[in-house]
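Chemist:
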Amino acid sequence: MVLSCNGSPGNNLPTTDSTIQAKKDTPVAQASPAQKDTTRLGGVWFLQPVIASDTAAGKIPRLHLDLSTKRFTGNTGCNNMNGTFDFTDTTIQFNQRIVTTKMACIGYNEKAFIENLLLANSYKLQNGILTLMFNQTELSRWTRKVATRPVINKA
């Protein structure tokens, strides 16, 4: 038998299991003050949008890099994706065989996003930012927290 309390005054108990993290395409910023490790490549990274088209489909691109299996999962900003990658302490190379779901997202150039990932051959970690690069050219910046979407000025 399960008993529950229906919100009596003074009940400050959490209503969700804090040990389980829900996976969402565009998660909200976490309220906990704990700072995630930003000195390692592994883990979840969120694209820092630069232009409005980076989030045109309504989702913030996400990468979860698993260093032990050399596999990644995430979201392109439109579709879920997964694949494999190789890395060293300064290099990264995503495998050409990226698998994605097939939703159509009007106004979003997913092909350009994936081509950008495939171009990456190096990275740097600095001040909590993961920068994917092609040689010395910056391709994209990623952070552990969800960044706000770019503001589009409407006249």
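Residues 37 to 191 (the numbering used here) are what the sequence shown spells out, left to right. Glycine included, C-beta positions come from ideal geometry on N, C-alpha and C.
Leaving out the 5 sequence neighbours to the left and right, which residues in its chain are closer than 8 Å to residue 3 when beta-carbon positions are compared?
Modeler: Nothing about residue 3 can be reported from this structure: the residues present for the chain run from 37 to 191 only.
Chemist: For residue 112, I'd like the list of residues in its chain whose CB is within less than 7 Å of its CB, leaving aside the five on either flank, ordered along the chain.
Modeler: Only 97, 136, 146, 149, 150 meet the Cβ criterion.
Chemist: Pick helix, strand or coil for residue 103, following the three-state DSSP scheme.
Modeler: Coil.
Chemist: Using only the alpha-carbon positions, how far apart do residue 156 and residue 175 sit?
Modeler: Cα-Cα distance, rounded: 7 Å.
Chemist: What are the partner residues of residue 149, as DSSP defines its beta bridges?
Modeler: For residue 149, which the question treats as bridged, DSSP gives no partner whatsoever.
Chemist: Am I right that residue 153 and residue 132 are in contact with their C-beta atoms under 8 Å? What's the rounded C-beta distance?
Modeler: Rounded, the Cβ-Cβ distance is 10 Å, inconsistent with contact.
Chemist: So, is residue 73 buried or exposed, given that buried needs 16 or more other C-beta atoms within 10 angstroms?
Modeler: Note that residue 73 has pLDDT 47, beneath the 50 cutoff, so the model's placement of it is unreliable and the number below is only indicative. Flag for residue 73 reads exposed.
Chemist: What three-state label does DSSP hand residue 77 in the structure shown?
Modeler: Three-state DSSP puts residue 77 in coil, outside helix and strand.
Chemist: Reducing DSSP to helix, strand and coil, say where residue 126 ends up.
Modeler: In this structure, residue 126 counts as coil in the three-state DSSP scheme.
Chemist: Provide the residue(s) that pair with residue 110 in DSSP beta bridges, ordered along the chain.
Modeler: According to DSSP, residue 110 bridges with 99, 117.
Chemist: May I ask you to report which of helix, strand or coil DSSP gives residue 136?
Modeler: Here residue 136 sits in strand by DSSP.
Chemist: Starting from residue 177, follow its DSSP beta bridges and name the residues at the other end.
Modeler: Paired residues: 167.
Chemist: In angstroms, rounded to a whole number, what distance separates the CA positions of residue 168 and residue 83?
Modeler: Each residue's Cα considered, the two are about 10 Å apart.
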